[in-house]
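S.K.:
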Amino acid sequence: MSLIKIISKDFDINENLTDNQLRETMIDAFAYLVDNDFPKLIQILYKADVDQYKLKELLETAEGRSSAEIIADAYMKRQMAKIETWKKYSK
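At position 29 of the sequence shown (counting the first as 1) the number is 29 in UniProt numbering, and the numbers step up by one without a gap.
Structure representation (structure tokens):
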């Protein structure tokens, strides 16, 4: 299972994006959710099992990065960890 396939369950995204394009798309999507649909943002992060305490710490200590960028990176990192776990146990 690819990162884009997992993310496309939560977001309507083009499946032919490069890694950088995917990250930029996620930053834009989370920026929109932060500003316009906070309940959906929380739902997506909860469903993805993003550690809320770690995320809170990242948001409080990050300088020079937007909250959307921090959230997008945490979300994508969590999804990549799931892929690694699936690969490890599907052998």
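Every residue gets a Cβ at the ideal spot worked out from N, C-alpha and C, and that includes glycine.
Measure the alpha-carbon distance for K5 versus A74 and round it to whole angstroms.
M.R.: Their Cα atoms are separated by approximately 17 angstroms.
S.K.: I'd like the ranges of any beta strand (DSSP E) spanning at least 3 consecutive residues and lying wholly in the stretch 5–32.
M.R.: For the stretch 5–32, not a single whole beta strand (DSSP E) run of length 3 or above is found.
S.K.: Would you mind sorting A72 into buried or exposed? The rule is 16 or more other CB atoms within 10 Å of its CB.
M.R.: Answer is buried; the Cβ neighbour count reaches 16.
S.K.: So the alpha helix (DSSP H) residue 93 belongs to, where does it begin and stop?
M.R.: As displayed, the chain neither begins before 1 nor continues past 91, which places residue 93 out of reach and without an answer.
S.K.: Under the rule that 16 or more other beta-carbon atoms within 10 Å means buried, what is F30, buried or exposed?
M.R.: F30 comes out buried.
S.K.: Determine the burial state of Q21: buried for a count of at least 16 other Cβ atoms within 10 Å of its Cβ, exposed for fewer.
M.R.: Classification of Q21: exposed, given that the 10 Å Cβ count is below 16.
S.K.: Assign M80 to buried or exposed, taking buried as 16 or more other Cβ atoms, counted over all protein chains shown, within 10 Å of its Cβ.
M.R.: Result: exposed.
S.K.: What first and last residue would you give for the alpha helix (DSSP H) that runs through E63?
M.R.: Premise fails: E63 is in no alpha helix (DSSP H) and is neither H nor E.
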